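Participant: If you scroll down you'll find the structure; I have some questions about it.
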Amino acid sequence: MGFSYKLFLLTLGMLAVFGEAEDTMFSGEKLLTGQFLENPPYKLFMQNDCNLVLYNNGKALWASNTRGHGDACNILLQNNGNLVMFSGSDVIWSSSSTKGPNSYRLVVQGDGNVVIYGGATWATNTQRSSKKLHTKVHITGA
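Per full-length UniProt numbering, the very first residue in the sequence shown carries number 1; after that it's consecutive.
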């Protein structure tokens, strides 16, 4: 096996690993327009119309209701636990889940619930099992 063939196989393997959708984002990470987090059959998708939508096999379960409120939007999990949608530097939507500096992660769970952890900070409450995570977070702007 030649050197260039081995390099080709290594590159292909790396593309396969890094090309897969993830179900988790961490503090400081963004979802840009057209990107998503996925835990099949659930997909949290940052749409081109600036609406963040959670789908179950293509059926919308939850949305930020921000369709048409901006251009080239992105969603950022801030280091204070707040999930914020921006259009440029303008805030379009937030989860209002500020808890203070910490390491947080947003997870699309296998039960269909999307949760910010670092302590249960915020959730869409769309889980499909008999167990529910009850939160006292009020979401404004949704």
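In this text, a Cβ means the ideal position worked out from N, Cα and C, and glycines have one as well.
All values derive from a computational prediction rather than experimental measurement.
(1) Can you find the residues in the same chain that come closer than 6 Å, C-beta to C-beta, to S94, ignoring five residues on each side of it along the sequence?
(2) Could you check how far apart the C-beta atoms of Y104 and L61 are, in whole angstroms? I think they sit under 8 Å.
(3) So, is T124 buried or exposed, given that buried needs 16 or more other C-beta atoms within 10 angstroms?
(4) Identify, in the order they occur along the chain, each residue of the same chain with its Cβ nearer than 7 Å to the Cβ of P41, setting aside the five sequence neighbours on each side.
(5) What did DSSP end up calling A123 once you bin it into helix, strand or coil?
(6) Alpha carbon to alpha carbon, how far is H69 from M46?
(7) Closest to C73 by C-alpha separation, out of V91, N80, A63, would be which residue?
(8) DSSP state of S97, grouped into three classes?
(9) State the DSSP-derived secondary structure class of V107, mapped to helix, strand or coil.
(10) Would you mind sorting T98 into buried or exposed? The rule is 16 or more other CB atoms within 10 Å of its CB.
(11) Measure from the alpha carbon of E29 to the alpha carbon of each residue in L106, N48, G118, then state which is nearest.
(12) Check the C-beta distance from N80 over to G100 and give it rounded, since I have them as a contact under 8 Å.
Facilitator: The answer reads as follows:
(1) Closer than 6 Å at Cβ, skipping near neighbours: N82, V84.
(2) By a beta-carbon distance limit of 8 Å, Y104 does not contact L61. Their separation comes to about 22 Å.
(3) With 16 or more other Cβ atoms within 10 Å, it is buried.
(4) N56, N57
(5) strand
(6) 13 Å
(7) It is V91.
(8) coil
(9) strand
(10) exposed
(11) L106
(12) By a beta-carbon distance limit of 8 Å, N80 contacts G100. Their separation comes to about 6 Å.
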